[in-house]
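What follows is one structure encoded as structure tokens, with my remarks underneath.
Residue numbers (the numbering used here): 712 to 829.
Quick look at the structure:
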């Protein structure tokens, strides 16, 4: 019995520690600040340039759109990229039915850290 209680307390402590990490859910990115981080698996659906693209979440029913900016990856339609991303800006775009929407602009964490050092 003591072992079960001990394991439950350890599990609870671990879950509390992990839930306090600085990673945010992109679903409420509108409430986030420049420099906030998230972990996402993204699929490019529209390439804007070799280093910029519009993406959606892979393996998700979410229809949220993200713009990614990267120097370390060559981007093309259909490419899947995953990792830790940093919110660096917002990007307004026009939908097919002429509605203006705004997407978060994300950069890989490693590139963001390198840019801060420059």
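Here a beta-carbon is modelled for each residue, glycine too, at the ideal position from N, C-alpha and C. Here the structure is a predicted model, which is why all the values come from computation and not from measurement.
- Secondary-structure assignment with DSSP links residue 794 through a beta bridge to 751.
- A direct Cα-to-Cα measurement between residue 802 and residue 770 gives close to 23 angstroms.
- Here the C-alpha atom of residue 778 lies approximately 11 angstroms from the C-alpha atom of residue 797.
- In this structure, the alpha-carbon of residue 813 lies about 25 angstroms from that of residue 827.
- Leaving aside the five residues that flank residue 763 on each side, the residues in its chain whose CB is nearer than 6 angstroms to its CB run, in chain order, 780.
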